[in-house]
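Peer 1: Below is the structure I would like to discuss, written out as structure tokens.
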Amino acid sequence: MPLPPWMTRALTVAQDWLYPPRCAVCDATAPPLCAACAAAIAPAPPMPWDLPYLAAARAAGAYAPPLSIAIQNFKYGGRLELARPLGILLYSVLAPVMEDWKVDAIVPVPLHWRRQLRRGFNQAEVLAREVARMTGSPLDLGVLRRIRHVPPQVGLTRAERLANLRGAFALGPRATVVGRRLLLVDDVCTTGATLVAAAEPLAQAGAAAIFGLVVACA
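Mapping of the sequence shown onto the numbering used here: residues 22 to 239, in sequence order.
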């Protein structure tokens, strides 16, 4: 039997008093990303790579502390409460171009099922849900799937990453792509290889335009 609303609110207040929420970066007594850490996020550097299949791509910040710490704690530390502030960051760079991009659906970059099972969630999907909620755009989880497991790519060159990811993504079995304008969402862009590999099957299937949106750019 569900608790009455007043009791749920009382329990939440008591929990916050006993265990006050802390910033996931500096551990200050604050919501998951405190104002000081949010203000210290460096602007994203220009994406210097050629990104075939993508009409445009944007990042919310540079992959450096404090943003890199927040992403690592979200992605590897299970701090899912960071999804909201990271989603707000994504929305802050998406909002100015929404009228130009005219996105039909938001598509998270999928994880291979082995990695998602090990991690317990797909960080790109969690972030994409936040963006979809803020924009009112539909979230489409059936458009793209990851069909090949790729080992961690740390230390690889861009060419090696592109080769490593070739054929890693495919359309979903009932995907509708032709003529649609799709927004790919991911957490980090290092060389652009993942965005390119994910966009390729969408472009080849007839998507009208594909855009990329990431929290941080290295």
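Glycine included, each C-beta is placed from N, C-alpha and C at the ideal position.
A quick note: this is a predicted structure, and the numbers were derived from the prediction, not measured.
Measuring CA to CA, which of GLY200, ALA218 and LEU54 is closest to LEU101?
Peer 2: Comparing Cα positions, the closest option is LEU54.
Peer 1: For LEU138, count neighbouring C-beta atoms within 10 Å of its own C-beta (all shown protein chains included) and say buried if the count is 16 or more, exposed if not.
Peer 2: Classification for LEU138: exposed.
Peer 1: Thinking C-beta only, is ALA81 closer than 7 Å to GLY233?
Peer 2: Going by C-beta atoms, GLY233 is not nearer than 7 Å to ALA81.
Peer 1: Report, in whole angstroms, the separation of the C-beta atoms of VAL209 and GLY227, which I expect to be a contact under 8 Å.
Peer 2: The Cβ separation is near 28 Å, so there is no contact.
Peer 1: If you drop the 5 nearest sequence neighbours on each side, which residues of the same chain put their C-beta closer than 7 Å to that of THR212?
Peer 2: Here the set comprises TRP70, ARG179 and ARG182.
Peer 1: To which residues of the same chain is TRP122 closer than 6 Å at the C-beta, ignoring the five residues directly before and after it?
Peer 2: So the qualifying residues of the chain are PHE232.
Peer 1: What does the Cβ neighbour count give for VAL175, buried or exposed, with the cut at 16 atoms within 10 Å?
Peer 2: Label assigned to VAL175: exposed.
Peer 1: Helix, strand or coil: how does DSSP classify VAL198 here?
Peer 2: Coil at VAL198, not helix or strand.
Peer 1: Based on the DSSP output, what are the partners of ILE127 in its beta bridges?
Peer 2: In DSSP, ILE127 forms a bridge with LEU160 and LEU204.
Peer 1: So what does DSSP say about CYS47, is it helix, strand or coil?
Peer 2: It is coil, neither helix nor strand.
Peer 1: Thinking just about the alpha-carbon of each residue, which of ALA51, ALA85, TYR97 and ARG187 is nearest to the one in THR215?
Peer 2: Minimum Cα distance to THR215 is reached at ARG187.
Peer 1: In angstroms with no decimal places, state the Cα-to-Cα distance between VAL124 and ASP161.
Peer 2: Going from the Cα of VAL124 to the Cα of ASP161 covers about 12 Å.
Peer 1: Short check: CB of VAL128 to CB of LEU203, under 7 Å?
Peer 2: In this structure, LEU203 lies closer than 7 Å to VAL128 by Cβ.
Peer 1: So ALA237 and TYR112 are supposed to be a Cβ contact under 8 Å. How far apart are they, rounded?
Peer 2: So it is not a contact: roughly 15 Å between Cβ atoms.
Peer 1: Can you tell me whether LEU234 is helix, strand or coil according to DSSP?
Peer 2: Strand at LEU234.
Peer 1: In chain order, what residues of the same chain have a beta carbon less than 7 Å from the beta carbon of LEU103, not counting five sequence neighbours either side?
Peer 2: The residues are ALA45, PRO53, LEU54, ALA91, ASN94 and PHE95.
Peer 1: Quick check on DSSP: helix, strand or coil for LEU223?
Peer 2: Reduced to three states, the DSSP call for LEU223 is helix.
Peer 1: So, are the CB atoms of PRO222 and LEU192 less than 7 Å apart?
Peer 2: In contact: PRO222 and LEU192 (Cβ atoms closer than 7 Å).
Peer 1: Quick one: grab the DSSP three-state call for ARG167.
Peer 2: Strand at ARG167.
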